[in-house]
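Undergrad: Before I ask anything, here is the structure I am working with.
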(Lines of atoms letter the chains of each structure in order from A and count residues from 1; the text may use other names and numbers.)
(Lines give C-alpha, C1' and ligand atoms only; values in the text may rest on other atoms or scores of the structure.)
Protein backbone atom coordinates (compact mmCIF):
# COMPACT_ATOMS: atom_id res chain seq x y z
CA UNK A 1 0.00 0.00 0.00
CA UNK A 2 1.32 3.42 -0.89
CA UNK A 3 1.02 6.05 1.81
CA UNK A 4 0.52 9.72 1.10
CA UNK A 5 3.58 11.73 2.20
CA UNK A 6 3.28 14.01 5.19
CA UNK A 7 1.01 16.91 4.32
CA UNK A 8 -1.62 19.25 5.70
CA UNK A 9 -5.22 19.23 4.52
CA UNK A 10 -7.54 22.21 4.99
CA UNK A 11 -10.16 21.30 7.57
CA UNK A 12 -10.48 24.79 9.00
CA UNK A 13 -13.79 26.49 8.45
CA UNK A 14 -15.36 29.78 9.41
CA UNK A 15 -17.21 29.88 12.68
CA UNK A 16 -20.82 28.86 12.34
CA UNK A 17 -23.54 31.42 12.95
CA UNK A 18 -25.45 28.82 14.93
CA UNK A 19 -23.84 25.97 16.83
CA UNK A 20 -26.68 23.47 16.72
CA UNK A 21 -27.50 22.00 13.34
CA UNK A 22 -29.95 19.33 12.24
CA UNK A 23 -28.91 15.71 12.60
CA UNK A 24 -28.55 13.48 9.60
CA UNK A 25 -31.11 10.66 9.39
CA UNK A 26 -30.02 7.67 11.47
CA UNK A 27 -29.86 4.22 9.93
CA UNK A 28 -32.26 1.60 11.19
CA UNK A 29 -31.00 -0.28 14.21
CA UNK A 30 -29.42 -3.68 13.59
CA UNK A 31 -31.44 -6.68 14.75
CA UNK A 32 -29.26 -7.28 17.82
CA UNK A 33 -30.45 -4.04 19.45
CA UNK A 34 -33.76 -5.71 20.31
CA UNK A 35 -31.89 -8.38 22.26
CA UNK A 36 -29.94 -6.16 24.68
CA UNK A 37 -30.80 -5.87 28.36
CA UNK A 38 -32.26 -8.17 30.97
CA UNK A 39 -34.97 -10.47 29.65
CA UNK A 40 -36.39 -11.28 33.07
CA UNK A 41 -36.66 -9.56 36.44
CA UNK A 42 -37.32 -11.23 39.79
CA UNK A 43 -40.95 -11.58 40.83
CA UNK A 44 -41.78 -9.48 43.88
CA UNK A 45 -43.33 -12.34 45.86
CA UNK A 46 -42.46 -12.03 49.56
CA UNK A 47 -40.85 -8.95 51.10
CA UNK A 48 -38.01 -9.64 53.52
CA UNK A 49 -37.37 -6.73 55.89
CA UNK A 50 -33.71 -6.53 56.82
CA UNK A 51 -34.51 -5.37 60.38
CA UNK A 52 -36.06 -8.77 61.11
CA UNK A 53 -32.63 -10.30 60.52
CA UNK A 54 -30.86 -7.88 62.82
CA UNK A 55 -29.92 -5.00 60.51
CA UNK A 56 -29.44 -1.67 62.30
CA UNK A 57 -29.33 1.59 60.33
CA UNK A 58 -27.25 3.65 62.74
CA UNK A 59 -24.21 4.09 60.48
CA UNK A 60 -21.98 2.36 63.04
CA UNK A 61 -23.11 -1.24 63.47
CA UNK A 62 -21.53 -3.66 60.99
CA UNK A 63 -24.50 -5.28 59.25
CA UNK A 64 -22.80 -7.70 56.87
CA UNK A 65 -24.16 -10.87 58.49
CA UNK A 66 -27.66 -9.50 59.06
CA UNK A 67 -28.04 -8.24 55.51
CA UNK A 68 -26.66 -11.47 54.05
CA UNK A 69 -29.17 -13.47 56.12
CA UNK A 70 -31.99 -11.40 54.63
CA UNK A 71 -30.66 -11.98 51.12
CA UNK A 72 -30.27 -15.73 51.72
CA UNK A 73 -33.82 -15.96 53.08
CA UNK A 74 -35.19 -14.15 50.03
CA UNK A 75 -33.24 -16.48 47.73
CA UNK A 76 -34.98 -19.57 49.11
CA UNK A 77 -38.38 -18.48 47.84
CA UNK A 78 -37.56 -15.56 45.58
CA UNK A 79 -38.38 -12.15 46.95
CA UNK A 80 -37.44 -8.58 47.75
CA UNK A 81 -35.13 -7.38 50.51
CA UNK A 82 -36.02 -3.97 51.93
CA UNK A 83 -34.47 -1.69 54.53
CA UNK A 84 -35.97 1.03 56.70
CA UNK A 85 -34.50 4.52 56.18
CA UNK A 86 -31.06 4.78 57.73
CA UNK A 87 -27.36 4.19 57.13
CA UNK A 88 -26.23 0.56 57.08
CA UNK A 89 -22.53 -0.13 57.46
CA UNK A 90 -21.57 -3.34 55.69
CA UNK A 91 -18.85 -5.36 54.04
CA UNK A 92 -19.29 -7.53 50.94
CA UNK A 93 -22.80 -8.78 50.20
CA UNK A 94 -23.60 -11.52 47.70
CA UNK A 95 -26.94 -11.37 45.91
CA UNK A 96 -28.57 -14.55 44.66
CA UNK A 97 -30.97 -15.83 42.03
CA UNK A 98 -34.48 -14.47 42.19
CA UNK A 99 -33.64 -11.69 44.66
CA UNK A 100 -34.36 -7.97 44.37
CA UNK A 101 -32.46 -5.66 46.71
CA UNK A 102 -34.66 -2.57 47.01
CA UNK A 103 -32.95 0.53 48.36
CA UNK A 104 -35.68 3.07 48.97
CA UNK A 105 -35.18 6.81 49.34
CA UNK A 106 -33.48 7.53 52.65
CA UNK A 107 -31.59 4.22 52.67
CA UNK A 108 -27.80 4.26 52.41
CA UNK A 109 -25.46 1.29 52.36
CA UNK A 110 -22.10 2.41 53.74
CA UNK A 111 -19.10 0.40 52.64
CA UNK A 112 -16.74 -0.69 55.39
CA UNK A 113 -13.35 1.02 55.30
CA UNK A 114 -11.67 -2.16 56.59
CA UNK A 115 -10.37 -4.33 53.73
CA UNK A 116 -10.89 -7.41 55.92
CA UNK A 117 -14.63 -7.02 55.35
CA UNK A 118 -14.14 -7.77 51.63
CA UNK A 119 -13.08 -11.43 51.19
CA UNK A 120 -10.65 -12.19 48.38
CA UNK A 121 -12.20 -13.93 45.40
CA UNK A 122 -11.04 -14.98 41.95
CA UNK A 123 -12.05 -12.25 39.49
CA UNK A 124 -10.65 -10.02 36.76
CA UNK A 125 -9.22 -6.61 37.54
CA UNK A 126 -8.18 -4.16 34.81
CA UNK A 127 -7.87 -6.97 32.29
CA UNK A 128 -6.00 -9.55 34.42
CA UNK A 129 -7.56 -12.57 36.14
CA UNK A 130 -6.37 -12.64 39.75
CA UNK A 131 -7.35 -12.74 43.41
CA UNK A 132 -8.88 -9.44 44.52
CA UNK A 133 -11.23 -8.24 47.24
CA UNK A 134 -14.90 -8.84 46.53
CA UNK A 135 -17.00 -5.80 45.76
CA UNK A 136 -19.40 -4.21 48.22
CA UNK A 137 -22.30 -5.68 46.18
CA UNK A 138 -21.64 -8.90 44.26
CA UNK A 139 -23.74 -10.85 41.76
CA UNK A 140 -21.59 -13.87 40.91
CA UNK A 141 -22.75 -16.91 38.89
CA UNK A 142 -26.41 -15.89 39.22
CA UNK A 143 -29.46 -15.33 37.02
CA UNK A 144 -32.46 -13.04 37.45
CA UNK A 145 -31.26 -10.51 40.04
CA UNK A 146 -32.10 -6.83 40.56
CA UNK A 147 -30.90 -3.85 42.60
CA UNK A 148 -33.42 -1.01 42.39
CA UNK A 149 -34.66 2.10 44.17
CA UNK A 150 -33.84 5.70 44.97
CA UNK A 151 -31.37 4.90 47.74
CA UNK A 152 -27.60 5.25 47.86
CA UNK A 153 -24.60 2.93 47.95
CA UNK A 154 -21.63 4.81 49.42
CA UNK A 155 -18.27 3.06 49.19
CA UNK A 156 -16.58 5.54 51.58
CA UNK A 157 -13.59 5.07 49.31
CA UNK A 158 -11.26 7.86 50.40
CA UNK A 159 -9.26 5.56 52.70
CA UNK A 160 -8.56 3.36 49.68
CA UNK A 161 -7.76 6.36 47.45
CA UNK A 162 -5.20 7.56 50.01
CA UNK A 163 -3.70 4.07 50.16
CA UNK A 164 -3.26 4.06 46.40
CA UNK A 165 -1.57 7.46 46.22
CA UNK A 166 0.88 6.51 48.97
CA UNK A 167 1.76 3.27 47.16
CA UNK A 168 1.89 5.05 43.81
CA UNK A 169 4.58 7.44 45.03
CA UNK A 170 6.69 4.51 46.24
CA UNK A 171 6.10 2.35 43.16
CA UNK A 172 6.82 5.17 40.71
CA UNK A 173 10.22 5.69 42.32
CA UNK A 174 10.99 1.98 41.82
CA UNK A 175 9.91 1.84 38.17
CA UNK A 176 6.76 -0.13 39.04
CA UNK A 177 4.02 2.16 37.74
CA UNK A 178 2.67 -0.74 35.68
CA UNK A 179 1.78 -2.92 38.69
CA UNK A 180 0.71 -0.51 41.42
CA UNK A 181 -2.95 -0.49 40.35
CA UNK A 182 -3.03 -4.26 40.90
CA UNK A 183 -1.14 -4.28 44.20
CA UNK A 184 -3.16 -1.43 45.73
CA UNK A 185 -6.25 -3.51 46.43
CA UNK A 186 -9.42 -1.39 46.56
CA UNK A 187 -12.98 -2.71 46.57
CA UNK A 188 -15.25 -2.07 43.63
CA UNK A 189 -18.77 -0.95 44.46
CA UNK A 190 -20.91 -3.32 42.37
CA UNK A 191 -19.76 -6.33 40.33
CA UNK A 192 -21.74 -8.85 38.33
CA UNK A 193 -19.69 -11.75 37.00
CA UNK A 194 -20.73 -14.82 35.01
CA UNK A 195 -24.34 -13.74 35.46
CA UNK A 196 -27.39 -13.07 33.30
CA UNK A 197 -30.64 -11.15 33.42
CA UNK A 198 -29.39 -8.56 35.88
CA UNK A 199 -31.14 -5.22 36.37
CA UNK A 200 -29.62 -2.20 38.13
CA UNK A 201 -32.06 0.71 38.22
CA UNK A 202 -32.39 4.09 39.86
CA UNK A 203 -29.79 3.88 42.62
CA UNK A 204 -27.05 6.39 43.40
CA UNK A 205 -23.52 4.99 43.69
CA UNK A 206 -20.79 7.13 45.18
CA UNK A 207 -17.22 7.24 46.48
CA UNK A 208 -16.23 3.83 45.14
CA UNK A 209 -12.81 2.57 46.21
CA UNK A 210 -12.07 1.41 42.64
CA UNK A 211 -14.35 0.83 39.62
CA UNK A 212 -18.00 1.55 40.38
CA UNK A 213 -20.11 -0.83 38.24
CA UNK A 214 -18.24 -3.75 36.67
CA UNK A 215 -20.14 -5.98 34.23
CA UNK A 216 -17.83 -8.98 33.80
CA UNK A 217 -18.33 -12.13 31.71
CA UNK A 218 -22.09 -11.52 31.80
CA UNK A 219 -24.99 -11.22 29.36
CA UNK A 220 -28.41 -9.61 29.19
CA UNK A 221 -27.76 -6.83 31.67
CA UNK A 222 -29.70 -3.57 32.10
CA UNK A 223 -28.26 -0.52 33.86
CA UNK A 224 -30.94 2.16 33.84
CA UNK A 225 -31.18 5.56 35.49
CA UNK A 226 -28.28 5.29 37.90
CA UNK A 227 -26.24 8.20 39.25
CA UNK A 228 -22.51 7.90 39.99
CA UNK A 229 -20.64 10.46 42.11
CA UNK A 230 -17.04 9.56 42.85
CA UNK A 231 -15.51 12.99 43.42
CA UNK A 232 -17.14 13.69 46.77
CA UNK A 233 -14.51 14.58 49.35
CA UNK A 234 -11.63 13.97 46.94
CA UNK A 235 -10.79 12.58 43.52
CA UNK A 236 -10.77 8.80 43.56
CA UNK A 237 -8.18 7.23 41.24
CA UNK A 238 -9.48 4.60 38.80
CA UNK A 239 -13.07 5.22 39.88
CA UNK A 240 -14.54 4.34 36.49
CA UNK A 241 -18.29 4.75 36.16
CA UNK A 242 -19.55 1.70 34.25
CA UNK A 243 -17.12 -0.89 32.82
CA UNK A 244 -18.59 -3.49 30.44
CA UNK A 245 -15.90 -6.17 30.37
CA UNK A 246 -16.06 -9.15 27.99
CA UNK A 247 -19.84 -9.12 28.26
CA UNK A 248 -22.68 -9.14 25.74
CA UNK A 249 -26.20 -7.86 25.16
CA UNK A 250 -25.84 -5.03 27.64
CA UNK A 251 -28.12 -1.98 27.81
CA UNK A 252 -26.99 1.18 29.64
CA UNK A 253 -29.33 4.17 29.56
CA UNK A 254 -30.56 7.30 31.33
CA UNK A 255 -27.53 7.47 33.60
CA UNK A 256 -25.46 10.36 34.98
CA UNK A 257 -21.80 9.78 35.84
CA UNK A 258 -19.24 12.03 37.49
CA UNK A 259 -16.07 10.11 38.31
CA UNK A 260 -12.30 10.38 38.01
CA UNK A 261 -11.64 7.96 35.16
CA UNK A 262 -13.59 6.59 32.20
CA UNK A 263 -17.31 7.25 32.51
CA UNK A 264 -18.86 4.69 30.15
CA UNK A 265 -16.21 2.15 29.16
CA UNK A 266 -15.89 -1.12 27.23
CA UNK A 267 -13.08 -3.60 27.93
CA UNK A 268 -12.01 -7.13 26.98
CA UNK A 269 -8.74 -8.12 28.67
CA UNK A 270 -5.12 -7.09 28.84
CA UNK A 271 -2.06 -8.45 27.02
CA UNK A 272 -1.17 -12.16 27.25
CA UNK A 273 -3.82 -12.91 29.87
CA UNK A 274 -6.54 -11.15 27.89
CA UNK A 275 -5.51 -12.92 24.70
CA UNK A 276 -5.65 -16.24 26.58
CA UNK A 277 -9.23 -15.59 27.72
CA UNK A 278 -10.12 -14.16 24.28
CA UNK A 279 -13.66 -13.06 25.10
CA UNK A 280 -15.12 -9.98 23.40
CA UNK A 281 -17.30 -7.16 24.62
CA UNK A 282 -20.11 -7.13 22.07
CA UNK A 283 -23.73 -6.23 21.36
CA UNK A 284 -23.82 -3.19 23.63
CA UNK A 285 -26.18 -0.20 23.54
CA UNK A 286 -25.42 2.94 25.56
CA UNK A 287 -27.96 5.75 25.20
CA UNK A 288 -29.41 8.89 26.75
CA UNK A 289 -26.61 9.41 29.28
CA UNK A 290 -24.53 12.31 30.58
CA UNK A 291 -20.99 12.65 31.94
CA UNK A 292 -19.40 15.35 34.05
CA UNK A 293 -15.90 14.97 35.42
CA UNK A 294 -14.03 11.90 34.18
CA UNK A 295 -11.50 10.75 31.62
CA UNK A 296 -13.87 9.63 28.87
CA UNK A 297 -17.52 10.10 28.00
CA UNK A 298 -17.43 6.97 25.81
CA UNK A 299 -14.30 4.80 25.84
CA UNK A 300 -13.24 1.55 24.23
CA UNK A 301 -10.13 0.13 25.91
CA UNK A 302 -7.41 0.22 26.83
CA UNK A 303 -8.08 -3.46 27.53
CA UNK A 304 -8.92 -4.63 23.98
CA UNK A 305 -7.37 -8.11 23.83
CA UNK A 306 -10.62 -10.03 23.33
CA UNK A 307 -12.02 -7.51 20.88
CA UNK A 308 -14.78 -4.91 21.14
CA UNK A 309 -17.49 -4.97 18.48
CA UNK A 310 -21.14 -4.35 17.63
CA UNK A 311 -21.60 -1.26 19.78
CA UNK A 312 -23.95 1.71 19.56
CA UNK A 313 -23.46 4.77 21.76
CA UNK A 314 -25.97 7.53 21.15
CA UNK A 315 -27.64 10.58 22.62
CA UNK A 316 -24.80 11.30 25.04
CA UNK A 317 -23.66 14.57 26.61
CA UNK A 318 -20.36 15.57 28.22
CA UNK A 319 -19.53 18.73 30.12
CA UNK A 320 -15.99 19.18 31.42
CA UNK A 321 -14.96 15.60 30.67
CA UNK A 322 -11.29 15.09 29.82
CA UNK A 323 -11.97 13.11 26.61
CA UNK A 324 -15.19 12.78 24.65
CA UNK A 325 -15.02 9.78 22.31
CA UNK A 326 -11.95 7.65 22.98
CA UNK A 327 -10.63 4.39 21.56
CA UNK A 328 -7.36 3.42 23.22
CA UNK A 329 -5.10 0.40 23.36
CA UNK A 330 -1.42 -0.51 23.61
CA UNK A 331 1.05 -2.35 21.38
CA UNK A 332 0.89 -5.46 23.61
CA UNK A 333 -2.89 -5.65 23.90
CA UNK A 334 -3.97 -7.03 20.54
CA UNK A 335 -7.62 -7.41 19.68
CA UNK A 336 -9.80 -5.56 17.19
CA UNK A 337 -12.18 -2.69 17.88
CA UNK A 338 -14.76 -2.68 15.09
CA UNK A 339 -18.36 -1.96 14.14
CA UNK A 340 -18.70 0.96 16.54
CA UNK A 341 -21.41 3.57 15.92
CA UNK A 342 -21.40 6.81 17.92
CA UNK A 343 -24.28 9.17 17.16
CA UNK A 344 -25.83 12.40 18.41
CA UNK A 345 -23.20 13.53 20.89
CA UNK A 346 -22.91 16.94 22.58
CA UNK A 347 -19.74 18.10 24.33
CA UNK A 348 -18.86 21.31 26.13
CA UNK A 349 -15.51 22.12 27.70
CA UNK A 350 -13.87 18.77 27.02
CA UNK A 351 -10.13 18.28 26.64
CA UNK A 352 -9.99 16.27 23.40
CA UNK A 353 -13.27 15.64 21.59
CA UNK A 354 -12.17 12.54 19.64
CA UNK A 355 -9.05 10.58 20.58
CA UNK A 356 -7.83 7.38 18.92
CA UNK A 357 -4.52 5.89 20.03
CA UNK A 358 -2.85 2.47 19.95
CA UNK A 359 0.00 3.48 22.26
CA UNK A 360 -1.81 4.77 25.33
CA UNK A 361 0.01 5.69 28.55
CA UNK A 362 3.27 3.74 28.09
CA UNK A 363 4.32 4.02 31.75
CA UNK A 364 1.18 2.10 32.73
CA UNK A 365 0.72 -0.06 29.65
CA UNK A 366 4.08 -1.82 29.39
CA UNK A 367 5.49 -4.13 32.05
CA UNK A 368 9.24 -4.19 32.66
CA UNK A 369 10.79 -5.74 35.76
CA UNK A 370 13.47 -3.50 37.29
CA UNK A 371 16.78 -4.90 38.49
CA UNK A 372 16.83 -6.46 41.94
CA UNK A 373 13.75 -8.66 41.53
CA UNK A 374 13.72 -12.43 41.05
CA UNK A 375 10.92 -13.37 38.70
CA UNK A 376 10.48 -16.87 40.14
CA UNK A 377 9.41 -15.44 43.53
CA UNK A 378 6.97 -12.86 42.18
CA UNK A 379 3.21 -12.95 42.87
CA UNK A 380 1.12 -14.69 40.22
CA UNK A 381 -0.43 -11.46 38.93
CA UNK A 382 3.03 -9.93 38.46
CA UNK A 383 4.01 -12.95 36.36
CA UNK A 384 0.82 -12.61 34.32
CA UNK A 385 1.61 -8.97 33.63
CA UNK A 386 5.18 -9.78 32.64
CA UNK A 387 4.25 -12.62 30.27
CA UNK A 388 5.30 -11.58 26.77
CA UNK A 389 2.85 -11.70 23.90
CA UNK A 390 4.38 -14.00 21.29
CA UNK A 391 4.70 -13.49 18.46
CA UNK A 392 4.87 -9.75 19.09
CA UNK A 393 2.59 -9.06 16.12
CA UNK A 394 -0.26 -10.66 18.06
CA UNK A 395 -0.10 -7.70 20.42
CA UNK A 396 -0.80 -5.10 17.74
CA UNK A 397 -4.38 -3.80 18.09
CA UNK A 398 -6.61 -2.90 15.15
CA UNK A 399 -9.29 -0.18 14.91
CA UNK A 400 -11.69 -0.22 11.98
CA UNK A 401 -15.27 0.35 10.88
CA UNK A 402 -16.12 3.21 13.22
CA UNK A 403 -18.87 5.71 12.38
CA UNK A 404 -19.07 8.97 14.34
CA UNK A 405 -22.03 11.11 13.35
CA UNK A 406 -24.03 14.14 14.46
CA UNK A 407 -21.49 15.48 16.93
CA UNK A 408 -21.59 19.01 18.34
CA UNK A 409 -18.58 20.24 20.32
CA UNK A 410 -17.83 23.63 21.83
CA UNK A 411 -14.91 24.89 23.90
CA UNK A 412 -12.66 21.86 23.43
CA UNK A 413 -8.89 22.06 23.71
CA UNK A 414 -8.24 19.64 20.81
CA UNK A 415 -10.84 18.66 18.23
CA UNK A 416 -9.39 15.38 16.92
CA UNK A 417 -6.27 13.41 17.80
CA UNK A 418 -6.12 10.13 15.88
CA UNK A 419 -2.99 8.03 15.42
CA UNK A 420 -2.64 4.50 14.14
CA UNK A 421 0.59 2.60 13.64
CA UNK A 422 2.63 1.91 10.50
CA UNK A 423 1.60 -1.76 10.72
CA UNK A 424 -1.98 -1.09 11.88
CA UNK A 425 -3.72 1.81 10.18
CA UNK A 426 -6.94 3.40 11.38
CA UNK A 427 -9.17 1.87 8.71
CA UNK A 428 -12.59 2.63 7.28
CA UNK A 429 -13.64 5.42 9.61
CA UNK A 430 -16.50 7.85 8.96
CA UNK A 431 -17.04 11.34 10.35
CA UNK A 432 -20.46 12.64 9.34
CA UNK A 433 -22.13 15.90 10.33
CA UNK A 434 -19.59 17.03 12.92
CA UNK A 435 -19.22 20.59 14.20
CA UNK A 436 -16.45 21.57 16.60
CA UNK A 437 -14.93 24.66 18.15
CA UNK A 438 -11.57 24.05 19.81
CA UNK A 439 -8.28 25.70 20.65
CA UNK A 440 -6.59 23.58 17.97
CA UNK A 441 -7.85 21.24 15.26
CA UNK A 442 -5.40 18.39 16.01
CA UNK A 443 -4.13 15.74 13.63
CA UNK A 444 -4.56 12.42 11.88
CA UNK A 445 -1.69 9.96 11.37
CA UNK A 446 -1.48 6.47 9.83
CA UNK A 447 -5.01 6.20 8.52
CA UNK A 448 -6.68 4.72 5.47
CA UNK A 449 -10.12 4.88 3.90
CA UNK A 450 -11.72 7.67 5.89
CA UNK A 451 -14.93 9.32 4.75
CA UNK A 452 -15.42 12.84 6.08
CA UNK A 453 -18.75 14.54 5.30
CA UNK A 454 -19.95 17.90 6.56
CA UNK A 455 -17.18 18.28 9.12
CA UNK A 456 -16.66 21.83 10.37
CA UNK A 457 -13.83 22.60 12.78
CA UNK A 458 -13.19 26.13 14.01
CA UNK A 459 -9.79 26.34 15.69
CA UNK A 460 -8.77 29.38 17.73
CA UNK A 461 -5.13 29.04 16.67
CA UNK A 462 -6.28 29.07 13.01
CA UNK A 463 -4.07 26.10 12.21
CA UNK A 464 -5.55 23.42 9.96
CA UNK A 465 -5.65 19.75 10.89
CA UNK A 466 -2.43 17.92 10.03
CA UNK A 467 -2.96 14.68 8.11
CA UNK A 468 0.17 12.52 7.83
CA UNK A 469 1.12 9.07 6.49
CA UNK A 470 -2.41 8.42 5.29
CA UNK A 471 -4.17 7.21 2.16
CA UNK A 472 -7.65 7.47 0.72
CA UNK A 473 -8.87 10.16 3.03
CA UNK A 474 -12.06 11.45 1.38
CA UNK A 475 -13.02 15.00 2.24
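Numbering (this note's numbering), first residue to last: 35 to 509. Each residue gets a CB set at the ideal place from its N, CA and C atoms; glycine is no exception.
1. Just to confirm the assignment, what range does the alpha helix (DSSP H) spanning residue 398 have?
2. Check whether the Cβ atoms of residue 467 and residue 482 sit closer than 8 Å, and answer yes or no.
3. Please say whether residue 329 and residue 279 have beta carbons closer to each other than 8 Å?
4. Within 10 angstroms of the Cβ of residue 266, are there 16 or more other Cβ atoms? Answer buried if so, exposed if not.
5. Residue 188 and residue 127 - do their beta-carbons sit closer together than 8 Å?
6. What is the DSSP secondary structure of residue 160, reduced to helix, strand or coil?
7. Under 8 Å between the Cβ atoms of residue 339 and residue 304?
8. Just tell me which of 411, 429, 253, 365 has its CA closest to the CA of residue 396.
9. Residues in its own chain within less than 7 Å of residue 177 by CB, not counting five upstream and five downstream?
10. How would you label residue 154, buried or exposed, when you count the other beta carbons within 10 angstroms and need 16 or more for buried?
11. Determine the DSSP secondary structure at residue 70, reduced to helix, strand or coil.
12. Under the rule that 16 or more other beta-carbon atoms within 10 Å means buried, what is residue 337, buried or exposed?
13. Do you know how far the Cα of residue 74 is from the Cα of residue 491?
14. So, does the region 102-122 touch the region 77-90, judging by three or more C-beta pairs under 8 Å?
15. Measuring CA to CA, which of 495, 461, 470 is closest to residue 480?
16. I need the boundaries of the alpha helix (DSSP H) containing residue 310, first residue and last residue.
17. Put residue 148 into one of helix, strand or coil per three-state DSSP.
18. Since residue 460 is in the beta strand (DSSP E), which residue starts that stretch and which ends it?
19. Can the beta-carbon of residue 275 be found closer than 8 Å to that of residue 291?
20. Could you tell me the distance, in whole angstroms, from the CA atom of residue 181 to the CA atom of residue 405?
21. On a CA-only basis, which of 327, 294, 289 is nearest residue 319? Give me that one, please.
22. Look at the alpha carbon of residue 344 and the alpha carbon of residue 438, and state the distance between them as a whole number of angstroms.
23. For residue 230, which beta-bridge partners are listed by DSSP?
24. Taking residue 117 as part of the beta strand (DSSP E), name the residues at either end of that continuous run.
25. Can you tell me where the alpha helix (DSSP H) holding residue 80 begins and where it ends?
26. Given a cut-off of 8 Å on the beta-carbon distance, is the pair residue 193 and residue 202 in contact?
27. Can the beta-carbon of residue 221 be found closer than 8 Å to that of residue 169?
28. From 235, 407, 195, pick the residue whose C-alpha is nearest to that of residue 264; which is it?
29. When DSSP labels each residue in this structure, what does residue 423 get in the three-state scheme?
30. Which residues does DSSP list as the beta-bridge partners of residue 172?
31. Straight-line CA distance for residue 239 to residue 499?
32. Would you say the region 438-456 touches the region 468-479, given that touching needs at least three Cβ pairs under 8 Å?
33. Drop a sphere of 10 angstroms on the beta-carbon of residue 407, count the other beta-carbons inside from all chains shown, and report buried for 16 or more, exposed for fewer.
34. If you draw a straight line from the C-alpha of residue 60 to the C-alpha of residue 316, how long is it?
35. Assuming the contact rule is C-beta atoms closer than 8 Å, residue 324 and residue 357 should be a hit. Round their C-beta distance to whole Å, please.
36. Does DSSP put residue 507 in a helix, a strand or coil?
TA: Put simply:
1. Residues 396-399.
2. no
3. no
4. exposed
5. no
6. coil
7. Contact: yes.
8. The shortest CA-to-CA distance from residue 396 to any of 411, 429, 253, 365 is the one to 365.
9. Only 131, 229, 230, 231 meet the Cβ criterion.
10. With fewer than 16 neighbouring CB atoms inside 10 Å of its own CB, residue 154 falls in the exposed class.
11. coil
12. Classification of residue 337: buried, given that the 10 Å Cβ count is 16 or more.
13. 45 Å
14. yes
15. 461
16. 305-311
17. coil
18. 460-479
19. yes
20. Residue 181 and residue 405: Cα-Cα distance of roughly 48 Å.
21. 289
22. 14 Å
23. 177, 253
24. Here residue 117 belongs to no beta strand (DSSP E), and DSSP marks it neither H nor E.
25. From DSSP, residue 80 is part of no alpha helix (DSSP H) but of the beta strand (DSSP E) over 80-83.
26. In this structure, residue 202 does not lie closer than 8 Å to residue 193 by Cβ.
27. yes
28. 195
29. coil
30. 128, 225
31. 40 Å
32. Output reads yes: the region 468-479 touches the region 438-456.
33. exposed
34. Confidence is the limiting factor: at residue 60 the pLDDT is only 49, short of 50, which leaves the residue's position unreliable and the question unanswerable from this model.
35. Cβ atoms of residue 324 and residue 357 stay farther apart than 8 Å, at about 15 Å.
36. strand
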